[in-house]
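Participant: Could you have a look at this structure, given as structure tokens, before my questions?
Residue numbers (the numbering used here), protein chains in the order written: chain A, 1 to 54; chain B, 1 to 227.
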């Protein structure tokens, strides 16, 4: 999976032109995974953090 | 504001938050919808929203540094100790409970730090890209940087923009969680109940005035404190 996009310049050189847009789904997936894991942990632990007086 | 309510976010800060949110969402929609297949003339709306985003962020930085408590959003030793206690208890190892937070919790401070880094990178690279477009104020000059430099700038801008998708998803998720709605509501009408204030915050770390403020009282450090 490429991380960056490349093109050929007018001088014949391969240059990077930006990030690969295929990564969009990885970032969205990372957000979704975090949400799912966090929600699952909250449900499984079912605990409420107690606070203490200083 | 009555004694049962504690001012958490001044009107100026709420307006900043929602203006920034609108500008960011505009930038993200105009950036990614064409990539995903919905083609439309996106460049003008994108750079104008970017200018608005830059302006409100500058306003926020100046206001936070000069008029508010900058250190209220900085992670300190107490935050690290409290976070360690949270993790220890979550793993079932017991130990002392975490202390009440100051105005902002450690996760809020971490999130702010991540968003600040990503957004500043987006803004900095975006401002550089403005030189590549024609506007009513200047003519484009794409040649003042080389191809390799532009490629790096576009890569940073794109990666940070995609990272914003993750951060916004997580931000909205925490905002709509039932146990956090008391905070979310405060970004709309500005206050939290004194009951929630005493339950979730340490008055010694985030002191608030007991007296009723006048309707024209300015926001400031009266209701925030450094670590």
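We treat Cβ as the ideally placed atom computed from N, Cα and C, and that holds for glycine.
If contacts are defined as beta-carbon pairs under 8 Å, then residue 190 (chain B) and residue 157 (chain B) qualify, I think. What distance do you get, rounded to the angstrom?
Facilitator: For the purposes of this step, residue 190 (chain B) is taken as residue 190 along the second chain, with counting starting at 1. For the purposes of this step, residue 157 (chain B) is taken as residue 157 along the second chain, with counting starting at 1. With a Cβ gap of about 34 Å, residue 190 (chain B) and residue 157 (chain B) do not count as contacting.
Participant: Can you pull the chain A neighbours of residue 79 (chain B), defined as C-beta to C-beta under 7 Å?
Facilitator: Along the second chain, read from residue 1 onward, the residue named residue 79 (chain B) stands at position 79. Correct list: empty, because the minimum Cβ distance to chain A is about 14 Å.
Participant: Tell me the residue span of the alpha helix (DSSP H) that contains residue 72 (chain B).
Facilitator: Taking the first residue of the second chain as 1, we reach residue 72 (chain B) at position 72. First-last for residue 72 (chain B): undefined, no H or E at that position.
Participant: Name the residue from B:118, B:177, B:206 whose alpha carbon lies nearest to the alpha carbon of residue 165 (chain B).
Facilitator: Here the question's residue 165 (chain B) lines up with position 165 in the second chain. That would be B:118, whose Cα lies nearest to the Cα of residue 165 (chain B).
Participant: Hey, is residue 44 (chain A)'s beta-carbon within less than 7 Å of any beta-carbon in chain B?
Facilitator: The count along the first chain starts at 1 and reaches residue 44 (chain A) at position 44. By this cut-off, residue 44 (chain A) is not an interface position.
Participant: Along the chain, where does the beta strand (DSSP E) that runs through residue 193 (chain B) open and close?
Facilitator: The residue given as residue 193 (chain B) occupies position 193 in the second chain. Start and end: 191–193.
Participant: Between residue 44 (chain B) and residue 53 (chain B), what straight-line distance do the alpha-carbon atoms span, to the nearest angstrom?
Facilitator: Mapped onto the second chain, residue 44 (chain B) falls at position 44. Mapped onto the second chain, residue 53 (chain B) falls at position 53. Straight-line Cα distance between these residues: approximately 14 Å.
Participant: Would you verify that the beta carbon of residue 36 (chain A) is, or is not, closer than 7 Å to some beta carbon of chain B?
Facilitator: One-based indexing of the first chain puts residue 36 (chain A) at position 36. No, because no Cβ of chain B sits closer than 7 Å to the Cβ of residue 36 (chain A).
Participant: Kindly examine the ligand PLP and report whether one of its heavy atoms sits closer than 6 Å to the Cβ of residue 26 (chain B).
Facilitator: Judged by which ligands are present, the structure shown has none, so any question about the ligand PLP falls away.
Participant: Show which residues of chain A have a CB atom less than 7 Å away from the CB atom of residue 50 (chain B).
Facilitator: Counting from 1 along the second chain, the entry for residue 50 (chain B) is found at position 50. Residues of chain A passing the Cβ test: none, with the nearest at roughly 16 Å.
Participant: Please say whether residue 28 (chain A) and residue 148 (chain B) have beta carbons closer to each other than 7 Å?
Facilitator: Position 148 of the second chain, counting from 1, holds the residue named residue 148 (chain B). Position 28 of the first chain, counting from 1, holds the residue named residue 28 (chain A). No; because the gap between Cβ atoms is not below 7 Å, this pair is not in contact.
Participant: CA-CA distance, residue 209 (chain B) and residue 7 (chain B)?
Facilitator: Within the second chain, numbered from 1, the residue matching residue 209 (chain B) stands at position 209. Within the second chain, numbered from 1, the residue matching residue 7 (chain B) stands at position 7. Going from the Cα of residue 209 (chain B) to the Cα of residue 7 (chain B) covers about 9 Å.
Participant: Name the DSSP bridge partner or partners of residue 16 (chain A)?
Facilitator: The sequence position of residue 16 (chain A) within the first chain is 16, counting from 1. DSSP, once it has assigned bridges, lists A:6 as partnering residue 16 (chain A).
Participant: Got a sec: is the Cβ-Cβ distance from residue 226 (chain B) to anything in chain A below 7 Å?
Facilitator: As a working note, residue 226 (chain B) is residue 226 in the second chain. Low per-residue confidence applies at residue 226 (chain B): pLDDT is 36, beneath 50, and the placement is therefore not dependable enough to give any value.
Participant: Tell me which residues share the same chain as residue 16 (chain B) and place their Cβ nearer than 7 Å to its Cβ, disregarding the 5 neighbours each side in the sequence.
Facilitator: Here residue 16 (chain B) refers to the residue found at position 16 of the second chain. Around residue 16 (chain B): 56, 59, 60.
Participant: Output yes if chain B places a C-beta closer than 7 Å to the C-beta of residue 33 (chain A); else output no.
Facilitator: In the first chain, residue 33 (chain A) corresponds to position 33, counting from 1. No, its Cβ sits nowhere closer than 7 Å to a Cβ of chain B.
Participant: Can you name the residues of chain A whose CB is closer than 9 Å to the CB of residue 32 (chain B)?
Facilitator: Mapped onto the second chain, residue 32 (chain B) falls at position 32. Correct list: 21, 24.
Participant: List, in order along the chain, the chain B residues whose C-beta lies closer than 7 Å to that of residue 30 (chain A)?
Facilitator: Numbered from 1 along the first chain, position 30 holds the residue referred to as residue 30 (chain A). Going along chain B in sequence order, the residues near residue 30 (chain A) (Cβ under 7 Å) are 166.
Participant: The alpha helix (DSSP H) spanning residue 165 (chain B) covers which residue range?
Facilitator: What you label residue 165 (chain B) is simply residue 165 of the second chain in a count that begins at 1. 147–176 is the extent of the alpha helix (DSSP H) around residue 165 (chain B).
Participant: In this structure, how does DSSP classify residue 108 (chain B) when only helix, strand and coil are distinguished?
Facilitator: For this step, residue 108 (chain B) is matched to residue 108 along the second chain. Three-state result, residue 108 (chain B): helix.
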